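Asker: Here the sequence shown stands for residues 3 to 204, where the numbers follow the numbering used here. Beta carbons are placed, not taken as given, at the ideal position from N, Cα and C, and that holds for glycine. These numbers come from a predicted model, not from an experiment. So that we are looking at the same thing, I have put the structure below in structure tokens.
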Amino acid sequence: MKLIKTTALKTGVQAAWMKWEGLFDRITRLRSKRVLSYGICKLVVRPFHGKSIRSDSGQWLHAGDWIGELHLDNGQVLELSRSLGPDRAALKTARLLKQSLRQIHEAMDQVPELAEVKALTGITLLHRGLTHGLGFEQHQLKAGWFRLLTTIYLRFLLRMLHPAGQKRVKHSAPKLVPQMLLMTRQAFMERYRRESPLYNVI
Numbered sequence: 003m004k005l006i007k008t009t010a011l012k013t014g015v016q017a018a019w020m021k022w023e024g025l026f027d028r029i030t031r032l033r034s035k036r037v038l039s040y041g042i043c044k045l046v047v048r049p050f051h052g053k054s055i056r057s058d059s060g061q062w063l064h065a066g067d068w069i070g071e072l073h074l075d076n077g078q079v080l081e082l083s084r085s086l087g088p089d090r091a092a093l094k095t096a097r098l099l100k101q102s103l104r105q106i107h108e109a110m111d112q113v114p115e116l117a118e119v120k121a122l123t124g125i126t127l128l129h130r131g132l133t134h135g136l137g138f139e140q141h142q143l144k145a146g147w148f149r150l151l152t153t154i155y156l157r158f159l160l161r162m163l164h165p166a167g168q169k170r171v172k173h174s175a176p177k178l179v180p181q182m183l184l185m186t187r188q189a190f191m192e193r194y195r196r197e198s199p200l201y202n203v204i
């Protein structure tokens, strides 16, 4: 009986959270140049805010530069977790994320709003597994309120969306530190051009 109540409570919280995400998505669209959907990803086209960042290749990202900010579609992630379980859902999400990046690569030179995007960015707790092999650099967030609030928010999100999220946050909290992912436009285009079927045929 206790397990049923706990499951029902978590399901209710998840439903309420997804409603909040729907509202937040509408606010994001108003504050951004455009929000585009590619598979399991949403790409928010907006100006970069914060201190300048130097990429591994030596290119700089400055405040005001246009970026494509990646967000996972948490509704899709939740459905995968419910239907496949945590381990299979994580593998499936990683594969779908790579497919989304290939779609974004194809759109980069075709969608007008992406013409001035200098880099793809994202913030995640799951940088140790989910983004492995995708080509992103990892940059630590500066200590301060933004990092603190981001950590709280993402850990709460993990608890809500991951079937074993509560246990994972409890036992692996020191490792669950948000990182900023970064890939410059040039690095992104070169990497995913090499992976395209047309390039491999040529």
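Extract the residue ranges of the beta strand (DSSP E) inside the segment 56-99, only unbroken runs of 3 or more that lie entirely within it.
Answerer: DSSP runs (the beta strand (DSSP E)) wholly in the segment 56-99: 68-74.
Asker: Drop a sphere of 10 angstroms on the beta-carbon of Pro-114, count the other beta-carbons inside from all chains shown, and report buried for 16 or more, exposed for fewer.
Answerer: The residue is exposed, with fewer than 16 neighbouring Cβ atoms inside 10 Å.
Asker: Measure the beta-carbon distance from Asp-75 to Ile-125 and round it to whole angstroms, keeping in mind my assumption that it falls under 8 angstroms.
Answerer: Not a contact, Cβ separation roughly 16 angstroms.
Asker: Roughly how many angstroms separate the alpha carbons of Met-185 and Gly-70, rounded to a whole number?
Answerer: For Met-185 and Gly-70, the distance between alpha carbons rounds to 10 angstroms.
Asker: Could you compute how far the alpha carbon of Lys-94 sits from the alpha carbon of Ser-83?
Answerer: Roughly 10 angstroms separates the two Cα atoms.
Asker: Relative to the ligand MN, is the shortest distance from any of its heavy atoms to the C-beta of Trp-62 smaller than 7 angstroms?
Answerer: The model on display carries no ligand, and the ligand MN is accordingly not part of it.
Asker: Is Ala-121 helix, strand or coil by DSSP?
Answerer: In the structure shown, Ala-121 sits in a strand (DSSP, three-state: E or B).
Asker: Between which two residues does the beta strand (DSSP E) containing Met-185 stretch?
Answerer: Note, Met-185: beta strand (DSSP E), 181-186.
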